[in-house]
Amino acid sequence: MSLAEQRAEFEFTAFGGPAGAEVTGLDLSVPLDAAAREAILEAFLAHHVLVFRDQDLTPEAQHAFTLNFGELENHVIRLADGKPPPLVHIISNLDADGQPTAKPYSHGNYFWHTDKSYHAIPSLATLLHAREVPPAGGDTLFANTARAYDRLDAATKARIADLRVEHSWEASRANTGNRPATEEEKRERPPVVHPLVRTHPESGAKCLYLGMHSSHIVGMDHEEGRALLAELQDHATRDDLVYVHEWRPGDLVMWDNRCTMHRADANYDMAAHRRVLHRTVVKGTAAPA
Ligand code: OGA
Ligand code: MN
């Protein structure tokens, strides 16, 4: 199929819920032209989560596709051999012997978060490409944090308008019951502060910014601040604000970390079924207010 024919067929279908649109008829292993890239960016801003169906990308092709949207992010985590993961890395439930396990190396993804909010300039987008998925379950949930902000009452909006939140790798590890951050990790990723209400740099929408990497509200009693964060997170992750992505093999899902939170759902037999996804992350460009 020529690129022109392929373009004629490529289409977006919004899911009609709080986030998400499906993209069909596009082969992401073929370099994008400017018009296709623009169309994807427009849909990305409108729908926050894009689901490209029926892809079969090598890591190199996923890397090349990701470069359409910015620079790739590196990672603080080290693999079992002490090395940093490659830029296209693997999210899976496999153990060191390649067998499915109910206790994967890191289970942090099962808690609500927005990627790398412990960076001064957090990630813009994340791309996950399903290579092997369970027959059912193993979903990823996405919450629309712009809509969550909109749905707050006026008094709450006024109360939280100027609040700032400390996020850190150390808090993230503690919040998720993972092994504590090492001294080296803490040096590499010192705590950062973000507004609780961030303005999306492209859409201008105000979004709640919280999740598992957050520690406390600056200048507020620690427990009081954490209780407020928990209350806002419960509000933001109500069913009507969440799109549940049920994976099909070949899906490539790209989401906007600036106006969504996400988490994996352990709604499958993790010890029995393989769940293997290839991941790339696009660096943010500026710290939105
Ligand atoms: C991620 C992530 C969730 C999942 O890759 O950033 O949180 O469902 N993944 O694997
Ligand atoms: Mn994540």
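Basically the working numbering = 1-based index in the sequence shown + 229. Don't be surprised by glycine CBs; every beta carbon is placed ideally from N, CA and C.
Fill in: Local Cβ density within 10 Å of G327, reported as buried at 16 or more and exposed below that
With fewer than 16 neighbouring CB atoms inside 10 Å of its own CB, G327 falls in the exposed class.
Discussion item. Rounding to the nearest angstrom, what Cα-Cα distance links K386 and H318 in this structure?
Written reply: For the pair K386 and H318, the Cα-to-Cα distance works out to about 38 Å.
Practice prompt. Along the beta strand (DSSP E) that carries H358, what are the first and last residues, could you check?
Written response: First-last of the beta strand (DSSP E) with H358: A354 to E361.
Practice prompt. Quick one: using the 10 Å Cβ neighbour count with 16 as the cut-off for buried, is P419 buried or exposed?
Written response: Counting the other CB atoms within 10 Å of its CB gives P419 a total below 16, which places it among the exposed residues.
Practice prompt. With a 10 Å radius around its C-beta and 16 neighbouring C-beta atoms as the bar for buried, classify K435 as buried or exposed.
Written response: Label assigned to K435: buried.
Fill in: L458 - DSSP class collapsed to helix/strand/coil
Of the three classes helix, strand and coil, the one that applies to L458 here is helix, per DSSP.
Worksheet item: Taking any heavy atom of the ligand OGA as the mark, which residues have a C-beta closer than 7 Å to it, listed down the chain?
Response: Working through the chain, the matches are I320, N338, H342, D344, T355, L357, T369, H491, R492, A493, L506 and R508.
Worksheet item: Buried or exposed: which applies to V510, given that a residue is buried once 16 or more other Cβ atoms fall within 10 Å of its Cβ?
Response: V510 should be labelled buried.
Item to complete: For my contact list, W476 and D368 are in at a C-beta cut-off of 8 Å; report their separation, rounded to the angstrom.
Response: Contact check for W476 and D368: beta-carbon distance about 7 Å, within the 8 Å limit, so the pair qualifies.
Worksheet item: So K512 and L353 are in contact, right, with Cβ under 8 Å, and what is the actual spacing, rounded?
Response: Between K512 and L353 a beta carbon distance of about 6 Å is seen, short of the 8 Å cut, so the two are scored as contacting.
Worksheet item: With a Cβ-Cβ cutoff of 8 Å, do S514 and G299 count as a contact?
Response: A small correction: the amino acid at residue 514 is Thr; Ser does not occupy that position in the sequence shown. Cβ atoms of T514 and G299: closer than 8 Å.
Item to complete: Can you tell me the Cβ-Cβ gap for E395 and V422, rounded? I've got them flagged as a contact below 8 Å.
Response: The C-beta distance from E395 to V422 rounds to 5 Å, short enough to fall under 8 Å.
Worksheet item: Thinking C-alpha only, which one of E271, T428, L286 and E460 is nearest L481?
Response: Residue L286 is the option with its Cα nearest to L481.
Discussion item. Quick check on L296: buried or exposed, where buried means 16 or more other Cβ atoms within 10 Å of its Cβ?
Written reply: Exposed, because fewer than 16 other Cβ atoms sit within 10 Å of the Cβ of L296.
Worksheet entry | Local conformation of F239 per DSSP, three classes | F239 falls in the coil class under three-state DSSP.
Discussion item. Tell me which residues share the same chain as R282 and place their Cβ nearer than 8 Å to its Cβ, disregarding the 5 neighbours each side in the sequence.
Written reply: Within its own chain, the residues whose Cβ lies closer than 8 Å to the Cβ of R282, once the five positions on either side in sequence are excluded, are E251, V252, T253, R477, G479 and D480, listed in chain order.
Practice prompt. Since I believe T489 is in contact with F371 (beta carbons under 8 Å), could you give me their beta-carbon distance rounded to a whole number of angstroms?
Written response: Between F371 and T489 the beta-carbon gap is near 5 Å, inside 8 Å, which marks them as a contact.
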